[in-house]
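Participant: Below is a structure I'd like to ask you about.
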Amino acid sequence: MPFPLPARFLGVLLLFGAMGAHVGVWAVLLADLSRRLGLSPTSLGLALALQSLCGVAGLLAAGRAADRLGRRPVLVAGIAGTGSYLLLLPLVESYASLLAVLVLSGTVGFYDLACNLLGGDYERRSGRRAMNLFHAGFSGGAGLGALGSGLALGAGAGYGGVYAAAGAALLALALAALRLPLPGGAPGPAPAAGEKPSGRLPAAVLACAALVFLCFATDAALEGYSSLYLRGVLGSGAALAGAGIAGLYLAGALGRLLGAAAVVRLGERRVLAGAGLLAAAGLAAAALAGSPARAALGLVLVGVALSPVAPLAFSLTARASSGSGRAVAAVTAAGYVAFTASPPLFGAAAGAFSLRAAFLLLALLCSAIALISWKIHPGTR
138 MPFPLPARFL GVLLLFGAMG AHVGVWAVLL ADLSRRLGLS PTSLGLALAL QSLCGVAGLL
198 AAGRAADRLG RRPVLVAGIA GTGSYLLLLP LVESYASLLA VLVLSGTVGF YDLACNLLGG
258 DYERRSGRRA MNLFHAGFSG GAGLGALGSG LALGAGAGYG GVYAAAGAAL LALALAALRL
318 PLPGGAPGPA PAAGEKPSGR LPAAVLACAA LVFLCFATDA ALEGYSSLYL RGVLGSGAAL
378 AGAGIAGLYL AGALGRLLGA AAVVRLGERR VLAGAGLLAA AGLAAAALAG SPARAALGLV
438 LVGVALSPVA PLAFSLTARA SSGSGRAVAA VTAAGYVAFT ASPPLFGAAA GAFSLRAAFL
498 LLALLCSAIA LISWKIHPGT R
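Residues 138 to 518, numbered by my numbering, are exactly what the sequence shown covers, in order.
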């Protein structure tokens with residue numbers, strides 16, 4: 138008997154939440170792992186760059202696999218690989234072994250791609266715009282993963298035990314995913330008889346990749362430099378700086394929930410255009426603020442404004458490409474590249490000019506989101 142749509146919705150939401158929890162655990166415990174291995178900031182940065190590159194490679198391979206084999210094999214492989222690399226982290230004793238484990242973490246790209254493909258499948262099957270809700274589940278999972286890791290460390294658990302527990306939970310989820318109710322997506326459409334498959338992506342997909350790149354480039358820069366700006370330039374205390382950064386994450390989850398309702402009332406193009414303009418306004422306010430509190434409020438506005446952009450871009454990609462794994466992989470890879478490239482580029486701009494000027498440059502990038510949004514309308518209004 139086929140699973141009803143509500144069960145399929147909950148299944149996809151669970152997958153997004155578990156992926157977010159993995160991100161929260163990894164982020165909180167990274168400092169412990171780095172301290173255990175005695176890594177310098179440069180060594181850690183190179184390791185994280187390798188992880189991002191392996192994630193992109195995993196995404197591109199997963200996109201082709203999803204088109205040929207379907208969603209479930211890619212999903213199960215991605216969850217199992219993610220759980221395996223977390224289980225191996227407590228065993229890492231050297232920089233070389235860390236790099237080897239981070240190569241395996243490229244399977245996160247399989248998991249990431251499968252989630253976004255399944256979200257698009259659900260939208261096409263149900264006729265409802267649910268990607269913002271799925272991504273809100275990811276944000277909530279990341280918060281819970283980070284909170285749970287912090288509480289476990291506070292209770293005396295070692296970082297290795299927390300990594301191992303998270304890895305074991307993901308391996309159990311991989312087994313469950315063999316039977317988990319999914320929306321029933323099929324591999325991408327085959328070319329007509331006598332037609333050669335095109336190597337080019339639709340223009341709408343390329344525009345969505347640009348949206349994701351701009352959104353995640355802004356996110357990555359804020360994550361890396363908000364605290365430095367609030368504390369170093371504006372002279373805030375550690376508590377306010379921490380609250381401002383936490384506000385970014387909480388604002389992301391709230392913004393995605395509000396974005397789902399806004400799309401119903403206003404349509405996708407208006408929400409995307411408004412997101413870009415509001416984010417630009419928030420960055421300008423933060424850059425020109427004379428006090429840490431006002432700057433922090435501006436950054437929170439950026440978090441709320443940008444939060445619906447990536448979910449809507451993935452939703453549009455799925456429709457523009459008929460659920461092509463290769464297309465969704467390309468858009469997802471744009472986000473990975475943005476997270477890798479943005480912090481050093483933002484840092485170079487801040488060094489050449491100032492942090493305030495660098496935030497104003499980010500505001501210009503966010504304004505471009507509003508411009509691009511009007512070029513995309515596969516089923517938008």
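All C-beta atoms in this analysis are idealised placements derived from N, C-alpha and C, irrespective of residue type, glycine included. The model shown is predicted, which means the values in this text are computed figures rather than measured ones.
(1) Express the C-alpha separation of G257 and P328 in angstroms, rounding to a whole number.
(2) In the DSSP assignment, find the alpha helix (DSSP H) that holds L308 and state where it starts and stops.
(3) Determine the extent of the alpha helix (DSSP H) in which S479 is found, giving its start and end residues.
(4) Please report the Cβ distance between A529 and L497, rounded to the nearest whole angstrom; I am assuming they are in contact, meaning their Cβ atoms lie under 8 Å.
(5) Go ahead and label A412 buried or exposed: buried means 16 or more other beta carbons lie within 10 angstroms of its beta carbon, across all protein chains shown.
(6) Check A397 in the structure and name its three-state DSSP category.
(7) Can you list, in chain order, the residues of its chain whose CB lies under 6 Å from that of Y222, leaving out five sequence neighbours each side?
(8) Are the CB atoms of V211 and A202 nearer to each other than 8 Å?
(9) In angstroms with no decimal places, state the Cα-to-Cα distance between C352 and L284.
(10) For L394, I'd like the list of residues in its chain whose CB is within less than 6 Å of its CB, leaving aside the five on either flank, ordered along the chain.
(11) Since E405 and L453 should fall inside the 8 Å C-beta cutoff, what is the C-beta to C-beta distance between them, to a whole number of angstroms?
(12) Using the three-state DSSP reduction, which class does S263 fall into: helix, strand or coil?
(13) Could you check whether A466 and S458 sit closer than 8 Å to each other, using their CB atoms as the reference points?
(14) In whole angstroms, what is the alpha-carbon distance linking L167 and Q188?
(15) What did DSSP end up calling G175 once you bin it into helix, strand or coil?
(16) Cutting at 8 Å between CB atoms, please list the residues of its own chain near Y232, excluding the five before and the five after it.
(17) With distances taken from CA atoms, which of A251, T219, L501 is nearest D204?
(18) Would you be able to state if there are at least three C-beta pairs under 8 Å between the region 274–294 and the region 158–166?
(19) Can you tell me whether E230 is buried or exposed, with buried defined as 16 or more other CB within 10 angstroms of its CB?
(20) Can you grab the Cα-Cα spacing for the pair L434 / V408, in whole Å?
(21) Give me the residue from F271, S286, A292 with the minimum Cα distance to Y300.
(22) At which residue ranges does the region 392–453 contain complete alpha helix (DSSP H) runs of 4 or more residues, listed in the order of the chain?
(23) Please list the terminal residues of the continuous alpha helix (DSSP H) segment that includes S276.
(24) Given G161, which residues of its chain have a CB within under 8 Å of its CB, disregarding the five upstream and five downstream residues?
(25) If P320 sits next to Y259, beta carbons under 8 Å apart, how far is it from one beta carbon to the other, in whole angstroms?
(26) Following the continuous alpha helix (DSSP H) through I509, name the residue where it begins and the one where it ends.
(27) Looking at the secondary structure, which residues open and close the alpha helix (DSSP H) in which V238 lies?
(28) Determine whether the beta carbon atoms of L206 and D249 lie at a separation below 8 Å.
(29) Would you identify the three-state DSSP class for V229, choosing helix, strand or coil?
(30) Suppose you measure from the CA of L152 to the CA of G246; what does that come to, to the nearest Å?
(31) Tell me, to the nearest whole angstrom, how far the beta carbon of F275 is from that of G157; I am working on the premise that it is less than 8 Å.
(32) Does DSSP classify R316 as helix, strand or coil?
(33) Which residues in the same chain have their Cβ closer than 7 Å to the Cβ of L315, if we skip the five residues on either side of it in sequence?
(34) Given that a residue counts as buried once 16 or more other Cβ atoms are within 10 Å of its Cβ, and exposed if not, what is G291?
Facilitator: Judging by the given coordinates:
(1) Only weak support is given to the placement of P328: the predicted model assigns it a pLDDT of 43, under 50, and the value that follows is read from those uncertain coordinates. Looking at the two C-alpha atoms, the distance is approximately 21 Å.
(2) 296–313
(3) 462–489
(4) Outside the shown range of the chain, which is 138 to 518, sits residue 529, and nothing can be said about it.
(5) buried
(6) helix
(7) V238, L241, S242
(8) yes
(9) 25 Å
(10) A273
(11) 7 Å
(12) helix
(13) no
(14) 13 Å
(15) coil
(16) L174, L176, S180, A184
(17) A251
(18) yes
(19) exposed
(20) 21 Å
(21) S286
(22) 405–425, 429–443
(23) 268–291
(24) G278, A279, G280, L281, G282, A283, L284, G285, S286
(25) 4 Å
(26) 492–510
(27) 232–241
(28) no
(29) coil
(30) 14 Å
(31) 4 Å
(32) coil
(33) V213
(34) exposed
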